[in-house]
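Protein chains in written order, with the numbering used here: chain A, -3 to 322; chain B, -3 to 322. Even for Gly, the Cβ is constructed at its ideal location relative to N, Cα and C. Keep in mind it's a predicted model, so treat the numbers as computed, not measured. Before any comments, here is the structure.
Number of protein chains: 2
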Amino acid sequence: MSAIPTLADIEDAARRIAAVAVRTPLIEAHTLGQRLGCRLFVKAEVLQRVGAFKFRGAYNKICQLDAPTRARGVVAYSSGNHAQGVACAAAMLGAPATIVMPTDSPAIKMANTRAYGAEIVTYDRYKESREDIGQHLSSERGLALVKPYDDLDVICGQGTAGLEIAEDMARLGLAPDVFLAPCSGGGLATGCAVALKAKFPNAACYSAEPAGLDDMARSLAFGRRVTNNPAAKSICDALLAPTPGEITFPIAQRHLAGGVSATDEECLKAMKAAFLELKLVAEPGGAVALAAVLSGRLDVKGKCVVVMLSGGNVDPATFKRALDTD
Amino acid sequence: MSAIPTLADIEDAARRIAAVAVRTPLIEAHTLGQRLGCRLFVKAEVLQRVGAFKFRGAYNKICQLDAPTRARGVVAYSSGNHAQGVACAAAMLGAPATIVMPTDSPAIKMANTRAYGAEIVTYDRYKESREDIGQHLSSERGLALVKPYDDLDVICGQGTAGLEIAEDMARLGLAPDVFLAPCSGGGLATGCAVALKAKFPNAACYSAEPAGLDDMARSLAFGRRVTNNPAAKSICDALLAPTPGEITFPIAQRHLAGGVSATDEECLKAMKAAFLELKLVAEPGGAVALAAVLSGRLDVKGKCVVVMLSGGNVDPATFKRALDTD
């Protein structure tokens, strides 16, 4: 595989995960689309195993490890969704999993990760380096490190969601004009863009990030990887990576049209819209692409728009905040 | 069509609605199934147009009305989901819709019905007869009455959801041992049972009702249509029909193995389970079949179980009550 994955790489990944991953539906959001004057489709990746797209990349990575490596086990660092994806995929493939998670991860993500049988090692998100802890555990215990985005197998796994969108659009006789995916390190946005652009070269693909943590958008605008202000915080616990990945950024430069962002309040409102109009549960970061569209950040009038709803692992307390928005 | 619809009748309905209805996914609930020791599948009919299965039957009925009748318009009485189904289908087919709704319908159901362009006439659920008001409007204004369940076209429309379950089960190489559907007048439960039993004669199909409003369960046990205590109330606003339908009951006697029920508290807990484990929004009545299974009312150990999640039109205040359960 070259540094920029191809459609064939993603098709290979799709074959590897076909028997175990959920082929999530692409749902037309009739009422929201009517309100926006566009045709709006939502890729309901909240219905994926573990409630987020992360299962795809984790399984595509771990299933390719050789038997002795799998037997020793895997290690991953994650704010929560990659944690669950790795824990679930590892359990299905008989590999012990150790997950490095920040102490302030949502309770639901920690509990689910533990329920899949993983060992959890916690760290302070604002003081310690999860990469260092992960590397240390990897070399000390001989564990295979499953990175959250800077790995071609992980990127191609996430890209299978984009491939499914392309297939469903073709089946509907439609061509997407605009595609938006939530973006932290960029594995999902770039993987999906590779698949979509291969099938629909005119689709404009965007990353969606929390306001103030829009490192991908600014990096694309500046033409080099820039970093977020370390003091920036967001309710989108899944989207706090400080800078685009080394591997994902060149793919983003090749395939993304740019980046958009949405505020915490807009994400909460998008979660409520998903509740009211789609009957889907989204977490704040999972709703950021929908939030960007609903906030009018992009001109979507008359267009065919596809939005990735990437995760739904949200604690009841946070969901209640979303329900309380106007 | 005879008094008991056949698979062919439901296949006809499926062809009529194919281009407009959502083919909703059948989702395996891995974690809940593991907890119950069974394979558990959920038919996510909350993802249907209008957030409930009711669109199926309404469209199948209205699309068969002749042009002059459609031009005069349709009338329906409903606690909310049938209201939205009729309003939406009528709007798509160019028929004016008048909907008779109880004054205490959930706000979300009234607002959505109005948003589809229907005229709403309200009545007091505990003092007035919605059937009388509907009949009166029908004869006075020459409107076609679209009954919520006692109509073969409506029953066959709802049955298309069961046909899809049968197709998806066959594709998975599985045979359902148990099927449960929420039941008010019985249109959904009987329509789906006709389709499922035709494809899987050994499937045991059950109606699921709110505790204290289990007229179908008791009617099946007694061998004749019995009525609920008029004072009985439930949070399941969609499931308050006082007695099984005249047309649905003989179908239920032929095709249902019996009826189960769940308390309001169990329905709220099932809504929370759907939130946490499935990322789907269910209303209380929509979750009653899942509630009955999660409460251990049926022996499902080692079985293949399919549960209908029939609607997701719930006000935020009620959903917060569900999130607050233990």
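Taking Cβ positions, are L133/B and T94/B nearer each other than 8 Å?
yes
Can you list the residues of chain A that P312/B reaches, using a CB-CB cut of under 7 Å?
L319
Can you give the beta carbon distance from P280/A to D260/A, rounded, assuming they're within the 8 Å contact cut?
Right, their Cβ atoms sit about 7 Å apart.
Let me make sure I understand the geometry here. Which of R35/B, R31/B, A17/B, C34/B has the alpha-carbon closest to that of Y55/B?
A17/B
Whole-angstrom Cβ separation of G255/B and A191/B, contact assumed at under 8 Å?
G255/B to A191/B, Cβ: 19 Å. No contact.
Taking 8 Å as the CB-CB cut-off, is R45/A touching chain B?
yes
Within a Cβ cutoff of 6 Å, which residues of the same chain sit near Y73/A, ignoring the five residues on either side of it in sequence?
V96, R126, G130
Quick one: what does DSSP say P98/A is sitting in, helix, strand or coil?
strand
Which bits of chain D does P178/B rub up against, with CB to CB less than 8 Å?
The structure shown contains no chain D; the protein chains it does contain are A and B.
Looking at K50/A and D149/A, is the spacing between their C-beta atoms short of 8 Å?
no
So, is the C-beta of L276/A closer than 8 Å to a C-beta in chain B?
yes
How far does the alpha helix (DSSP H) with L36/B in it reach, from first residue to last?
Not the alpha helix (DSSP H): L36/B falls in the beta strand (DSSP E), residues 35 to 40.
Helix, strand or coil at V303/B [DSSP, three-state]
strand
If G282/A and G308/A are in contact, beta carbons under 8 Å, what's the gap, nearest whole angstrom?
Confirmed, about 6 Å.
Between the C-alpha atoms of G187/A and I6/A, what's the straight-line distance to the nearest angstrom?
8 Å
Is it the case that the segment 63 to 70 of chain B contacts the segment 37 to 51 of chain B, given that we only count it when at least three CB pairs across the two stretches are under 8 Å?
At 8 Å Cβ cutoff, the stretches do not touch.
Could you tell me whether the segment 164 to 178 of chain B touches the segment 197 to 210 of chain B, using the rule of 3 or more Cβ pairs below 8 Å?
Three or more beta-carbon pairs separated by less than 8 Å link the segment 164 to 178 of chain B to the segment 197 to 210 of chain B, which places the two stretches in contact.
Could you pull out every residue in the same chain whose Cβ sits closer than 7 Å to the Cβ of V284/B, ignoring the five residues on either side in sequence?
P178, A204, E205, P206, C232, L235, A258, C263
Using DSSP with H/G/I as helix, E/B as strand and the rest coil, what is T118/B?
strand
Straight-line gap, R167/A to V301/A (C-alpha atoms, nearest Å):
16 Å
Supposed contact pair A185/A and A248/A - C-beta distance, whole angstroms, cut 8 Å:
7 Å
In this structure, how does DSSP classify G169/B when only helix, strand and coil are distinguished?
coil
Apply the 10 Å Cβ neighbour rule to Y122/B and answer buried if 16 or more other Cβ atoms are within range, or exposed otherwise.
The residue in question, Y122/B, is exposed, as its Cβ has fewer than 16 Cβ neighbours within 10 Å.
I'd like to know whether the C-beta of F51/B is nearer than 8 Å to at least one C-beta of chain A.
no
Beta carbons nearer than 7 Å to chain B: which residues of the segment 292 to 311 of chain A have them?
G308
4-residue-minimum alpha helix (DSSP H) runs that sit fully inside the segment 147 to 214 of chain A, ordered along the chain:
148 to 168, 183 to 195
V71/A bridges to which residues according to DSSP?
T94/A, L141/A
Quick check: what's the CA-CA separation for P102/A versus N77/A?
Answer to the nearest angstrom: the Cα atoms are 10 Å apart.
Cβ pair L319/A, A270/A closer than 8 Å:
no
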